[in-house]
Every structure is written in structure tokens, then in C-alpha cells.
Amino acid sequence: FDPVTGQPLPVPLRTSSDASFDPVLEDLALRLVQLRIARAAGLDLVQAEHLTVLRYRPGEEYRPHRDYRAASSLANDQPQAGNRARTICVYLNDVEAGGETVFPVAGVQVTPRAGRAVVFDNLDADGEPDPDSLHAGLPVERGEKWLATLWLRERAYRAY
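Using the working numbering, the first residue of the sequence shown is number 303, and each one after it goes up by one.
And the structure:
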């Protein structure tokens, strides 16, 4: 995110395509899906940023990164909401080969399967960024990987 505008910047770490859904424009079906995803993550939908759907084609990946935001980038993007407390990624399809989500510090690797979800905290028990939340999306070898992601903040991010 641009530290001045708060707008997303091209990320050399990620080579996927993505689309975000503005809550103002969503229909009832999309709203219900997001409510279910937020509930699965154990937080309220008002804490969620825009739902983002990502597509990874063969060779595309998301290199090791953390989802919490730098303080400078939060200043222009709902600072009252706090940082990204939790992430939930829901796999929308089975991937023929590759595309696993890995957590190197925890030694965990998750194979993408339709309907499977990965939920993890980005902050420690004191509300500080947790460097152990490091994770990556390995390159897709065959097929495509589709997933829906909600980043949930510490406090309300959206009005509804």
C-alpha cells in the first residue's frame, strides 16, 4: 500500500490476478457468503476489509510475506480499525498440482482443496505484529488456484 494514499501498489511478491468487491455494491448473496466466511474466522464482518478473490495460473505465486500492515500504511486506511488481526483464505477449487500455502515458521503446509479454509492470526496476544505469521503461496504447477480472502481488522473497518 502507498504510505501516502493508502492505495494498493503493484506487489512484486505476488504474481496472481485479483478482484476486490466493494461492500457498497454487493448483493445479498455476496453479503451472505462474506458473513459465513467472517463467522468461520471467528470475527464480525464489520471488521473485514473488502472480499478479495485471487487467481493463480501455472508459475504464479505469492512469495513469503506477512499480512499485517505497517503503521505508516494504516494512517490512510481506516486507522481507527487497527491492524489486520486475522486472515481467512477459502480455497474455491482443487488445484491439479502445486499452489500450497506454507507457514515456514510453524512448519505447516496446506494443500488447496475446494471448500477448505485456512485461518491465522497476524498479531500476537499483545496486539503486536507477529513475525511468525510469515506465509507464502507456492507456485501453481498445473491448473489454476482460486481463493477468496478476508483480512479482518482489530475493530470495525466498515459500517455494516
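We treat Cβ as the ideally placed atom computed from N, Cα and C, and that holds for glycine.
Bear in mind the structure is a predicted one, so any value in this text is a computation, not a measurement.
Check: For Ala-342, the nearest candidate out of Gly-439, Thr-451, Val-404 (CA to CA); Outcome: Thr-451
Check: Cut-off 7 Å between Cβ atoms - residues of its own chain near Thr-413, not counting five sequence neighbours on either side; Outcome: Glu-402
Check: CB contact flag (Arg-388, Trp-448, <7 Å); Outcome: no
Check: Spatially closest choice to Asp-324 from Thr-317, Gly-400, Leu-332, by CA coordinates; Outcome: Leu-332
Check: Continuous beta strand (DSSP E) stretch holding Gln-349: start and end; Outcome: First-last for Gln-349: undefined, no H or E at that position.
Check: Backbone secondary structure at Val-306 - three-state DSSP; Outcome: coil
Check: Closest Cα partner of Tyr-462 within the set Val-348, Ser-319, Asp-434; Outcome: Val-348
Check: Buried or exposed by the 16-neighbour rule on C-beta atoms within 10 Å, applied to Glu-362; Outcome: buried
Check: Residue closest to Gly-429, alpha-carbon to alpha-carbon, out of Pro-406, Asn-385, His-437, Arg-368; Outcome: Asn-385
Check: Gln-411, DSSP secondary structure in three states; Outcome: strand
Check: DSSP-derived helix/strand/coil call for Pro-433; Outcome: helix
Check: Cβ of Arg-357 within 7 Å of any chain C Cβ; Outcome: Among the chains of the structure shown, chain C does not appear; only one protein chain is present.
Check: Contact set for Val-306: own chain, Cβ-Cβ below 8 Å, skip 5 residues either direction; Outcome: Asn-378
Check: Which of helix, strand or coil DSSP assigns to Pro-381; Outcome: helix
Check: Alpha-carbon to alpha-carbon, Tyr-459 and Asp-426; Outcome: 20 Å
Check: Rounded C-alpha distance that separates Cys-391 from Val-420; Outcome: 5 Å
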